[in-house]
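A short worksheet on the structure shown next.
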Amino acid sequence: MLIANRIDATHAILAPFFDPEMPVTTKPFSFLPLPDAMLSNLESLNYQTMTPIQEQALPPALQGQDLIAQAKTGSGKTAAFGIPLLLSLNHTNRRNRRGQTQALVLCPTRELSTQVASELRRLARHMENIKVVTLCGGVSIGPQIGSLEFGAHIVVGTPGRIKDHLRKRTLDLSHAENLVLDEADRMLDMGFMEDMESIIGEMPKKRQTLLFSATYPDNIRALSSRFQHTPQFIKIESEPEQTRIQQSFYLTHKSSRMEDLIRVLQHIQVSRAIVFCNTRQMTADVAEFLDQRRFNALALHGDLEQRERDEVLIRFKHQSCSILVATDVAARGLDIEALPAVINMELPRDAEVYTHRIGRTGRAGMSGLSVSLLEEKEQYKLERIFEEHDLPANLDQADTLKANAGFCMLPACQTLKIAGGRKDKVRPGDILGALTGDAGIPGTAVGKIDISDFSAYVSLDREHADKALGRLINGKIKGRKFKVRKL
Ligand code: ADP
Ligand code: MG
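All residue numbers for the sequence shown refer to this note's numbering, where the first residue is 580 and numbers rise by one.
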């Protein structure tokens, strides 16, 4: 299966992570008592009908009820809490520039916080003067303090950094009557319980608390009973995913594992894939090896600096990198659209980790491939996997796979990095404008555009990338010159 290489520019700007196969119900948003402006904004985002979690969570959440919602990634949670949260913002406060913080969204990772913040900004496009600030670790605290000085109506971030701000008194949550715990189970897994307690302790007792979690273990129950008032419980059953994923397993040898990986790629011939490894060192080795063999790859592991991590992901999402080689920890929580294939360079010890890995493919009604390589001595790991996925215990030798020796994976796009971002008021439309029109780059050659605080990233069809780079270097964006380079 091939994923379209060419991304429609308008669509990309409207919806950076839009998944056309996302399951939706038949109920339009107009079933809800939403202001017209919100409805027309949702329409402009191409949100026609609600997703199941939105259909169930929005009515009680709009009435101010506390909720525990069990739903997995990609189910549309952000709008499920974002719409009620935005509508409950107090208008008087919004008019005053130094707006008090009225809502807090806690997320387990920086990536998720960034995604939530950008989705909230999109949902608030029609509302004037709403400031959403992200506060996460991994970057220096100074600029964050600066952006808080002018007030932030909505704060999105990770518990550790938010607690730091509270301690420094650079953030005041005493008027924040909306609290969202996004992916709460993961925050507990990551040891954020104490930080969460001390943060929630600084919020008003009278507030709305919406808790989202993919699982519902005892510690989530306990968290809810401490911080919520008679919450309504909502559970969205996820369909069993493995049925749509074709799983195969091949025996390899220590000395031929790398070559066998190439053989697998030349057998399945997909345009994009994620390759899982068990260690950081292995991800680096595999990515380097693949890259030398014209299988364009980048490693994603815990040793990377935050900015490097972000840029690897951007390049992968922009389709300017074909293969992501990742450890499990680094891949946790990534919002990557369903991929045509997942490859296990090594099998994880734990069957649950395996299940998690292969869930990256075959999502939302699309079929996917999972291919695992293992040495004979790793066979013990298979038993539980076969059991859990009800698979025939079928194992072939990797060197029997038919390979198309000419096949390689060079990316369809090239990402350009512009040294100006949200803080410079650079918006996607400005970049698109600087490239198209007189500059002569066709709109269809421009793909996704991502804007962070200090940088912007734009994806271009490869054949237009050099020309686009020249146009951006010699031209202006918003009347200003910015440094631009290939990422
Ligand atoms: P989650 O937080 O559950 O992982 P998100 O809120 O990030 O999911 O939503 C996943 C993607 O689906 C986002 O790109 C979002 O813009 C899109 N989306 C959300 N709700 C709808 C909808 N009702 N119709 C179409 N797309 C939607
Ligand atoms: Mg989310």
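All C-beta atoms in this analysis are idealised placements derived from N, C-alpha and C, irrespective of residue type, glycine included.
- Annotated as proximal: ASN857 and PRO927, with beta-carbon spacing under 9 angstroms.
- Membership of ILE647 in any alpha helix (DSSP H) is not indicated; the residue belongs instead to the beta strand (DSSP E) covering 646-649.
- Judged by beta-carbon spacing, VAL1025 lies within the 9 angstroms limit of LEU1039, meaning their Cβ atoms are closer than that value.
- The nearest non-hydrogen atom of ligand 1 is 8 angstroms or more from the C-beta of LYS896.
- Within 10 angstroms of the beta-carbon of PRO663 lie 16 or more other beta-carbons, which makes it buried.
- The beta carbons of VAL711 and VAL735 sit about 6 angstroms from each other, so the pair counts as a contact at 8 angstroms.
- In chain order, ARG689, SER692, GLY736, THR737 and ARG740 place their CB closer than 7 angstroms to the CB of CYS715, counting only its own chain and leaving out the 5 sequence neighbours on each side.
- By the neighbour-count criterion, in which a residue is buried when 16 or more other Cβ atoms sit within 10 angstroms of its Cβ, ALA650 is buried.
- Residues THR657 of the same chain have their beta carbon placed closer than 6 angstroms to that of GLU698, with the five preceding and five following residues left out of the count.
- Around the beta carbon of ALA801, fewer than 16 other beta carbons lie within 10 angstroms, which makes this residue exposed.
- Comparing C-alpha distances from LEU624 to each of ARG701, LEU989 and ASN669 shows the shortest one belongs to ARG701.
- With contacts defined by Cβ atoms closer than 9 angstroms, VAL904 and LEU948 do not form a contacting pair.
- Taking 3 residues as the minimum length, the beta strand (DSSP E) runs contained wholly in the region 617-702 are 646-649 and 682-685, in order along the chain.
- Only residues of its own chain outside the window of five on either side were considered, and among them ARG859 have a CB closer than 7 angstroms to the CB of ASP882, listed in chain order.
- Annotation for ARG1041 indicates a beta carbon at 8 angstroms or more from all heavy atoms of ligand 1.
- Minimum Cα-Cα distance from LYS1027 among the listed residues LYS1046, PRO1007 and GLY1058 corresponds to PRO1007.
- One alpha carbon belongs to PRO971, the other to ILE893, and they sit about 38 angstroms apart.
- In the DSSP assignment, ARG836 falls within the alpha helix (DSSP H) that extends over 836-847.
- Between THR906 and GLU762, the C-beta gap is not smaller than 9 angstroms, which leaves the two residues out of contact.
- Per DSSP, reduced to three states, the secondary structure at GLN826 is strand.
- Proximity of the region 806-816 to the region 911-920 falls short of the contact definition, fewer than three beta-carbon pairs being nearer than 8 angstroms.
- Under DSSP, the beta-bridge partners assigned to GLN976 are LEU830.
- Residue pairing by DSSP places TYR1036 opposite LYS996 and ASP1029 in a beta bridge.
- When secondary structure is reduced to three states using DSSP, PHE610 falls in the helix class.
- Only residues of its own chain outside the window of five on either side were considered, and among them ALA703 and HIS732 have a CB closer than 6 angstroms to the CB of ILE709, listed in chain order.
- For the options GLY1016, SER726, ALA648 and LEU840, the alpha carbon positioned closest to that of THR713 is the one of SER726.
- Taking the CA atoms as reference points, LYS1065 sits about 6 angstroms from LYS996.
- Distance from the Cα of LEU760 is smallest, within the candidate group LEU789, MET772 and MET706, for LEU789.
- For LYS896, the enclosing alpha helix (DSSP H) stretches over residues 885-896.
- The way I'd put it, the region 745-757 does touch the region 777-786; three or more beta-carbon pairs between them come closer than 8 angstroms.
- For THR979, the number of other beta carbons within 10 angstroms of its own is below 16, and it is reported as exposed.
- The beta carbon of GLN644 sits closer than 6 angstroms to the beta carbons of GLN811 from its chain, once the five residues preceding and following it are set aside; these are given in chain order.
- The Cβ-Cβ distance between PHE874 and LEU974 does not fall below 9 angstroms.
- Between TYR795 and ASP764, the alpha-carbon positions lie close to 8 angstroms from each other.
- Rounded to the nearest angstrom, the gap between the Cα atoms of SER609 and GLU962 is 50 angstroms.
- With a cut-off of 8 angstroms, the C-beta of THR652 is classified as near ligand 1, since at least one heavy atom of the ligand falls inside that distance.
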